[in-house]
Amino acid sequence: MENNKFMQVLENILLPIADKLNNNRYLTALRDGFMIALPLIIFGSMFVVLANFPFLDELLSKEAYAAYQSALNPASNATLSIMGAFVIIGIGYKLTEQYKLESPIYGGVVALAAFLILTPQVLEDVTGVIPTSILGAEGLFLGLFTAFFAAELYRFFVQKNWTIKMPAGVPDAVSKSFSSLIPIALTLTVFLLTRIGFSFTPFETVQNFIYTIIQQPLTALGSGLPATIVAVVLIQVFWFFGLHGQIIVNSVFDPIWYALNDQNLQAFQAGTELPNVITKQFIDTFLVGMGGTGMTLAVILLIYLIGRSRQLKQIGKLGTPPGIFNVNEPIIFGLPIVMNPLVLVPWILAPVVVTVITYFSMSTGLVPKPAGIIVPWTTPPILSGYLATGNAWQGAVLQAFNLIVVMLIWWPFLKILDKNYYENEKNTSKDKIIFEEITGIKGFRDFLN
0 MENNKFMQVL ENILLPIADK LNNNRYLTAL RDGFMIALPL IIFGSMFVVL
50 ANFPFLDELL SKEAYAAYQS ALNPASNATL SIMGAFVIIG IGYKLTEQYK
100 LESPIYGGVV ALAAFLILTP QVLEDVTGVI PTSILGAEGL FLGLFTAFFA
150 AELYRFFVQK NWTIKMPAGV PDAVSKSFSS LIPIALTLTV FLLTRIGFSF
200 TPFETVQNFI YTIIQQPLTA LGSGLPATIV AVVLIQVFWF FGLHGQIIVN
250 SVFDPIWYAL NDQNLQAFQA GTELPNVITK QFIDTFLVGM GGTGMTLAVI
300 LLIYLIGRSR QLKQIGKLGT PPGIFNVNEP IIFGLPIVMN PLVLVPWILA
350 PVVVTVITYF SMSTGLVPKP AGIIVPWTTP PILSGYLATG NAWQGAVLQA
400 FNLIVVMLIW WPFLKILDKN YYENEKNTSK DKIIFEEITG IKGFRDFLN
């Protein structure tokens with residue numbers, strides 16, 4: 000009874016919050032904007048791995064190794080290093096699309112143009128040059144706000160019908176281009192005036208203002224263990240109620256984690272000490288990347304070790320192939336984990352324990368910190384830990400150790416669940432035999448045999 004009351008309280012508090020977050024157009028645009036950039040980010044990350052492949056610097060001469068890296072580096076420089084530009088376009092596009100405007104691509108390009116207007120275009124006393132670092136995660140926070148405001152302004156001017164109407168017979172592409180001219184011009188003028196206005200303030204640029212007031216405090220918060228534990232717990236709790244915890248929580252934390260990720264990548268490529276433990280790959284590789292949310296590959300392995308019930312064994316078999324590639328819906332909905340009080344404790348506790356273990360393993364230098372390389376989320380565990388830490392074997396060992404920890408936490412709870420299923424199956428079998436004997440079905444079957 001107490002369990003039911005507790006579940007009801009949690010449901011009443013969390014479900015309305017999750018519903019609002021899930022349906023928020025800005026968080027949705029933010030999430031989808033990152034998804035548009037993701038293939039490019041992964042492509043660039045793959046070539047970072049190849050450019051820094053282990054032992055190549057020993058197998059090749061110094062000149063050959065430098066030439067090899069120089070040949071591959073443009074792949075990451077043109078994608079991963081300027082990921083912010085792709086995310087900005089994606090957010091502007093997706094937010095404009097939500098308003099059902101014609102040609103939402105203009106929402107994307109006006110967002111990028113607005114961001115470039117606000118960006119300081121000076122490098123080493125040379126005017127008109129935009130540093131590529133600004134187009135990466137360093138400028139991402141300004142990019143997010145710019146994309147939202149630019150798309151909203153563009154939408155406002157379009158819906159006000161401040162457009163140029165072309166006569167019939169004009170090609171459709173030309174007509175759309177001219178109809179977007181005035182909304183784009185007005186939107187970009189607003190951002191130009193904003194840039195001019197900030198030049199008279201102590202901050203001098205919007206970039207400095209955003210970094211000082213928003214980005215620096217949030218990044219410091221997001222890079223700490225307490226905030227990460229809160230994020231992990233929220234992900235697990237939302238999933239427990241059948242809501243996609245990653246989509247809800249990552250929409251808020253992804254800009255912070257990606258910025259931290261980029262700092263590590265730059266340090267890794269420069270051969271200097273990595274500054275951050277908590278990054279995007281800390282979450283994706285050492286938590287989600289071990290069988291999916293909640294590291295349920297450990298649960299599958301445990302089913303093979305202790306499972307007696309037919310139901311649990313079947314779920315384990317069904318969940319194994321997708322679980323290896325970090326897809327765990329068969330376990331979440333088949334075990335089930337959703338709305339199952341018997342597994343609530345290990346479901347929340349195991350990721351928190353693994354977060355703490357991983358954090359201290361990396362902060363003490365026992366395991367290398369994530370190198371900033373975006374490893375595809377479907378990469379199987381052990382391999383993903385090796386790649387995410389810059390081809391370090393310690394990353395693979397840490398994942399294996401964490402899987403064992405999760406199995407130990409789940410062990411007593413899965414034993415209880417398995418026992419319940421096993422007893423139900425035995426009772427069902429007994430009832431079936433009694434029913435067949437009473438109705439004569441068993442005797443008839445024996446006669447036929």
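Counting from 0, one number per residue, gives the positions in the sequence shown under numbering that gives the first Met the number 0. Ideal Cβ positions, reconstructed from N, Cα and C, are used throughout, including at glycine.
- Measuring alpha carbon to alpha carbon, tell me which of Leu413, Asn207 and Val374 ends up nearest Val298. By one-based count along the sequence shown, residue 298 stands at place 299. Of Leu413, Asn207 and Val374, the residue nearest in Cα terms is Leu413.
- Message: Just to confirm, is the Cβ distance from Ala387 to Thr227 under 8 Å?
- Response: Working through the sequence shown from its first residue, we reach residue 387 at position 388. Working through the sequence shown from its first residue, we reach residue 227 at position 228. It is not a contact, given that the beta carbons lie outside the stated cut-off.
- Message: When you measure from the CB of Tyr385 to every non-hydrogen atom of the ligand ATP, does any distance come out below 7 Å?
- Response: As for the ligand ATP, it is missing from this structure, which has no ligand bound.
- Backbone CA spacing between Leu397 and Gly290 [nearest angstrom]: As a first step, residue 397 must be located in the sequence shown, where it is residue number 398. As a first step, residue 290 must be located in the sequence shown, where it is residue number 291. The alpha-carbon atoms of Leu397 and Gly290 are separated by roughly 15 Å.
- Query: Taking DSSP as the reference, what is the three-state secondary structure of Phe199?
  - Reply: Taking the first residue of the sequence shown as position 1, residue 199 is located at position 200. Note: Phe199 maps to coil in three-state DSSP.
- Item | Identity of the residue in Gly142, Ala112 and Leu59 nearest Gly83 by Cα | As a working mapping, residue 83 is identified with position 84 in the sequence shown. Here the closest residue by C-alpha is Gly142.
- Decide if Pro380 is buried, meaning its Cβ has at least 16 other Cβ atoms within 10 Å, or exposed. Numbered from 1 along the sequence shown, position 381 holds the residue referred to as residue 380. That one is buried.
- Message: Can you look up Arg307 in the DSSP assignment and give me helix, strand or coil?
- Response: Here residue 307 corresponds to residue number 308 of the sequence shown, with the count starting at 1. Looking at Arg307 - three-state DSSP - the assignment turns out to be coil, as it is neither helix nor strand.
- Task: Determine the DSSP secondary structure at Asn423, reduced to helix, strand or coil.
- Result: Here the question's residue 423 lines up with position 424 in the sequence shown. Three-state result, Asn423: helix.
- Query: DSSP state of Ala167, grouped into three classes?
  - Reply: Here residue 167 refers to the residue found at position 168 when the sequence shown is read from its first residue. DSSP places Ala167 in coil when its eight states are reduced to three.
- Query: How is Ser69 classed by DSSP in three states: helix, strand or coil?
  - Reply: Translated into the one-based positions of the sequence shown, residue 69 becomes position 70. Of the three classes helix, strand and coil, the one that applies to Ser69 here is helix, per DSSP.
- Which stretch, first to last residue, makes up the alpha helix (DSSP H) that contains Asn207? The residue you call residue 207 lines up with position 208 of the sequence shown. Taken as a continuous stretch (DSSP letters only), the alpha helix (DSSP H) holding Asn207 covers Val205 to Ile209.
- When you compare only the Cα positions, how much space is there between Pro15 and Val86? What you label residue 15 is simply residue 16 of the sequence shown in a count that begins at 1. What you label residue 86 is simply residue 87 of the sequence shown in a count that begins at 1. Their Cα atoms are separated by approximately 29 Å.
- Query: Within this structure, are the beta carbons of Leu343 and Phe239 separated by less than 8 Å?
  - Reply: Taking the sequence shown and counting its residues from 1, the one referred to as residue 343 is at position 344. Taking the sequence shown and counting its residues from 1, the one referred to as residue 239 is at position 240. Contact: yes.
- Task: Classify Met338 as buried or exposed, calling it buried when 16 or more other Cβ atoms lie within 10 Å of its own Cβ.
- Result: One-based indexing of the sequence shown puts residue 338 at position 339. Exposed, because fewer than 16 other Cβ atoms sit within 10 Å of the Cβ of Met338.
- Could you check which residue in Leu134, Thr193, Val405 and Ser362 has the C-alpha nearest to that of Phe148? One-based indexing of the sequence shown puts residue 148 at position 149. Of the listed residues, the one whose Cα sits closest to Phe148 is Thr193.
- Task: Go through its chain and collect everything with a Cβ distance to Val47's Cβ below 6 Å, but skip five positions before and after it.
- Result: In the sequence shown, counting from the first residue as 1, residue 47 sits at position 48. Correct list, in chain order: Ser75 and Ile372.
- Message: Quick check on Gln215: does DSSP put it in helix, strand or coil?
- Response: For this step, residue 215 is matched to residue 216 along the sequence shown. Residue state, collapsed to three classes: helix.
- Item | Of the listed residues Pro350, Ile195, Phe156 and Lys418, nearest to Ile408 (C-alpha basis) | Locating residue 408 in the sequence shown gives position 409, counting from the first residue. Cα-wise, what sits closest to Ile408 is Pro350.
- Task: Compute the beta-carbon to beta-carbon distance between Asn311 and Tyr210, rounded to the nearest angstrom, for a pair I have assumed lies under 8 Å.
- Result: In the sequence shown, counting from the first residue as 1, residue 311 sits at position 312. In the sequence shown, counting from the first residue as 1, residue 210 sits at position 211. Checking the sequence shown, residue 311 turns out to be Leu, not Asn. Not a contact, Cβ separation roughly 52 Å.
- Proximity winner among Val251, Ser362 and Ile129, relative to Gly221 (alpha-carbon distances): Against the sequence shown, residue 221 aligns to sequence position 222. Per the Cα distances, Val251.
- Message: Relative to the C-alpha of Asp261, which candidate in Ile90, Phe140 and Val404 has its C-alpha closest?
- Response: Sequence index remark: in the sequence shown, residue 261 carries index 262 (1-based). The shortest C-alpha separation from Asp261 is found at Phe140.
- Compute the beta-carbon to beta-carbon distance between Ala70 and Gly106, rounded to the nearest angstrom, for a pair I have assumed lies under 8 Å. Working through the sequence shown from its first residue, we reach residue 70 at position 71. Working through the sequence shown from its first residue, we reach residue 106 at position 107. With 8 Å as the limit, Ala70 and Gly106 do not qualify as a contact, their Cβ atoms being about 37 Å apart.
- Message: Judging by CA-CA distance, which residue of Asn401, Leu134, Leu26 and Ala113 is the nearest neighbour of Ala258?
- Response: Within the sequence shown, residue 258 is the residue found at index 259, counting from 1. Comparing Cα positions, the closest option is Leu134.
- Item | Reduced DSSP category for Ser60 - H, G, I as helix; E, B as strand; rest coil | As a position in the sequence shown, residue 60 is number 61, starting the count at 1. In the structure shown, Ser60 sits in coil (DSSP, three-state: anything other than H, G, I, E or B).
- Task: For Ile87, name the three-state secondary structure that DSSP assigns.
- Result: For the purposes of this step, residue 87 is taken as the residue at position 88 of the sequence shown. Here Ile87 sits in helix by DSSP.
- Query: Would DSSP call Met289 helix, strand or coil?
  - Reply: By one-based count along the sequence shown, residue 289 stands at place 290. Looking at Met289 - three-state DSSP - the assignment turns out to be coil, as it is neither helix nor strand.
- Continuous beta strand (DSSP E) assignments of at least 3 residues falling wholly in the region 238–274: none
- Could you pull out every residue in the same chain whose Cβ sits closer than 8 Å to the Cβ of Gly315, ignoring the five residues on either side in sequence? Translated into positions along the sequence shown, residue 315 becomes position 316. Ile299, Ile302, Tyr303 and Gly306, listed in sequence order.
- Presumed contact (8 Å Cβ cut-off) between Gly43 and Thr78, rounded CB distance: As a first step, residue 43 is located in the sequence shown; it is residue number 44 there, counting from the start. As a first step, residue 78 is located in the sequence shown; it is residue number 79 there, counting from the start. Gly43 to Thr78, Cβ: 3 Å. Contact.
- First and last residue of the uninterrupted alpha helix (DSSP H) at Asp283: Within the sequence shown, numbered from 1, the residue matching residue 283 stands at position 284. Unbroken run through Asp283: none, as it is neither H nor E.
- Query: Secondary structure at Gln97, three-state DSSP: helix, strand or coil?
  - Reply: Mapped onto the sequence shown, residue 97 falls at position 98. Residue state, collapsed to three classes: helix.
- Query: Between which two residues does the alpha helix (DSSP H) containing Met361 stretch?
  - Reply: In the sequence shown, residue 361 corresponds to position 362, counting from 1. First-last of the alpha helix (DSSP H) with Met361: Leu343 to Ser362.
- Is it true that the CB of Thr292 sits closer than 8 Å to the CB of Ile213? Position 214 of the sequence shown holds residue 213. Position 293 of the sequence shown holds residue 292. Cβ distance not < 8 Å, so Ile213 and Thr292 don't count as in contact.
- Query: Around the Cβ of Arg30, are there at least 16 other Cβ atoms within 10 angstroms (buried) or fewer (exposed)?
  - Reply: Working through the sequence shown from its first residue, we reach residue 30 at position 31. So Arg30 ends up on the buried side.
- Message: Once the 5 residues before and after Gln68 are set aside, which same chain residues still bring their CB inside 7 Å of it?
- Response: For the purposes of this step, residue 68 is taken as the residue at position 69 of the sequence shown. Closer than 7 Å at Cβ, skipping near neighbours: Ala50.
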